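Peer 1:
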Amino acid sequence: MSKRALITGITGQDGSYLAEHLLAQGYQVWGLMRGQANPRKSRVSRLVSELNFVDGDLMDQASLVSAVDKVQPDEIYNLGAISFVPMSWQQAELVTEINGMGVLRMLEAIRMVSGLNGSRSADGSQMRFYQASSSEMFGKVAETPQCETTIFRPRSPYGVAKTYGHFITRNYRESFGMYAVSGMLFNHESPRRGAEFVTRKISLAVARIKLGYQDKLSLGNLDAVRDWGFAGDYVRAMHLMLQQDEPGDYVIGTGEMHSVRDAVRIAFDHVGLNWEDYVSIDPSLVRPAEVEILCADAERARTQLGWEPTVDFPELMRMMVDADLRQASREREYGDLLLAASW
Ligand code: NDP
Ligand code: GDR
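Every letter in the sequence shown is one number past the one before it in full-length UniProt numbering, and letter 253, counting from 1, is 253.
What follows is the structure, encoded as structure tokens:
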């Protein structure tokens, strides 16, 4: 019998890559779908065939119980969240509800459906739970690079909510013996990244400037430093974490640091343009409290999971620019509709 996986956040960047990866491993994959006519459903269905859908919302406990009961998954990947950090200053309560309390609701749904410790059969086999934790929890970093024991000093309501989700996952593991783990993932990108995130904002703008229908690119803090990797590599780590004999939390990242300025330079260089001719600073895009620098020490994942990234940062930026050049050419042909539905 093939294993069954339930993914929340199926319509997001990571959801689609994870679904593809699990289907290739022979899983039956279910995606939790919220809303009465979510326009992103047809997009992910086009991209990943063989998906099954079940209704539910991380804001609604009963819907999660019903989804887990219907799917009876072996593995649950909780990727659903409001993931754009600036939005968490605008709608802090909503972000806390979904990104923080939503994790508790998923853990409770598992307990309600399969018993206190997540066991559901006589042989004691358990539903395994993955929580999408984030390097944003490290915030104003206490040390560089950051590893599993680095203390958290989150700088945004998003980071604070993710920190709650991280600790409640660990607490349910320790309190109830649940197989529940957190992946502390650093920034990961791809051509499927939302257009509001900085790498995709840059790759889209570079493509449109190259093709002659955008003049400039406004950015915030060019000095921010991140450890950026490829999303396709990171979903492999999520799956590996749930295949271990013992549940545990892992940092996932490349260990390489680049600034936003580096990202801009690599992207413009790739199409033969000088970034300084096009980029301006918009102070309104600078965050109320910035995370200045992040860099992963993923040694534990390398040694215990055997996980390695395969795409370096310049390669990733060039991959995204190339994809957006194709995208922007189609946009020119068919109008704005395609740009909105960016993949
Ligand atoms: P996206 O923003 O691309 O996707 C977010 C997903 O969450 C969407 O499918 C969205 O679905 C869903 N969602 C939002 N609200 C709810 C809700 N109330 N109930 C159920 N689902 C909901 O994020 P990514 O794919 O990039 O990230 C996946 C996860 O990993 C997120 O939790 C993010 O915070 C975390 N993370 C991401 C990193 C990255 O660099 N990408 C790094 C570290 C952590 P809908 O279509 O309904 O809006
Ligand atoms: P981040 O990603 O906040 O790290 O969260 P984002 O790409 O939004 O920002 C990265 C850095 O770039 C700086 N920046 C800008 N960012 C955006 N979006 N737009 C700009 O114009 C701009 N100019 C400079 C930011 O200030 C920041 O320092 C991502 C999300 O996927 C989270 O869900 C996830 O948890 C973390 O990565 C790890």
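Beta carbons: idealized from backbone N, C-alpha and C, even for Gly. As the structure is a computational prediction, the values presented were derived from the model and not from experiment.
1. For residue 75, name the three-state secondary structure that DSSP assigns.
2. Which term fits residue 281, buried or exposed, when burial requires 16 or more other beta carbons within 10 angstroms of its beta carbon?
3. Kindly give me the distance between the Cβ atoms of residue 86 and residue 261, rounded to whole angstroms, as I take these residues to be in contact under 8 Å.
4. Flag this pair as touching only if the stretch 141-154 and the stretch 68-81 have three or more C-beta atom pairs under 8 Å; answer yes or no.
5. For residue 274, does the count of other Cβ atoms within 10 angstroms reach 16, so buried, or fall short, so exposed?
6. Let me check understanding here. Comparing Cα to Cα, which of 258, 200 and 83 lies closest to residue 223?
7. When you compare each of 265, 206 and 62 to residue 323 by their alpha carbons, which one comes out closest?
8. Would the beta-carbon of residue 12 be found less than 7 Å away from any heavy atom of the ligand NDP?
9. Tell me the DSSP secondary structure of residue 155 in three-state form.
10. Alpha helix (DSSP H) containing residue 27: first to last residue?
11. Taking the alpha carbon of residue 124 as the reference point, which residue from 186, 101 and 177 has its own alpha carbon closest?
12. The ligand NDP and residue 45: does the residue's C-beta get closer than 7 Å to at least one heavy atom of that ligand?
13. Using the Cα positions of residue 192 and residue 172, report the straight-line distance between them to the nearest angstrom.
14. Rounded to the nearest angstrom, what separates residue 169 and residue 276 at their Cα positions?
15. Name the DSSP bridge partner or partners of residue 128?
16. For residue 233, which three-state DSSP category applies?
17. Return the chain-ordered list of same chain residues with a C-beta closer than 8 Å to the C-beta of residue 44, the five sequence neighbours on each side being excluded.
18. If you draw a straight line from the alpha carbon of residue 299 to that of residue 233, how long is it in whole angstroms?
19. Is residue 216 close to chain D? Criterion is C-beta to C-beta, closer than 8 Å.
Peer 2: Put simply:
1. Strand at residue 75.
2. It counts as exposed.
3. With a Cβ gap of about 19 Å, residue 86 and residue 261 do not count as contacting.
4. No contact exists between the stretch 141-154 and the stretch 68-81.
5. Burial call: exposed.
6. Comparing Cα positions, the closest option is 258.
7. For the residues 265, 206 and 62, the minimum Cα distance to residue 323 belongs to 206.
8. Yes - the ligand NDP has a heavy atom lying nearer than 7 Å to the Cβ of residue 12.
9. Here residue 155 sits in coil by DSSP.
10. Counting along the chain, residue 27 falls outside any alpha helix (DSSP H), and DSSP gives it neither H nor E.
11. Ranking 186, 101 and 177 by Cα distance to residue 124 puts 177 first.
12. The closest heavy atom of the ligand NDP lies 7 Å or more from the beta carbon of residue 45.
13. Those two C-alpha atoms are separated by around 33 Å.
14. So the two alpha carbons sit approximately 45 Å from each other.
15. Partner(s): 75 and 179.
16. Helix at residue 233.
17. Answer for residue 44: 10, 11, 15, 16, 19, 31 and 51, listed in chain order.
18. Between residue 299 and residue 233, the C-alpha separation is close to 16 Å.
19. Reference to chain D is not applicable here, since this structure consists of a single protein chain.
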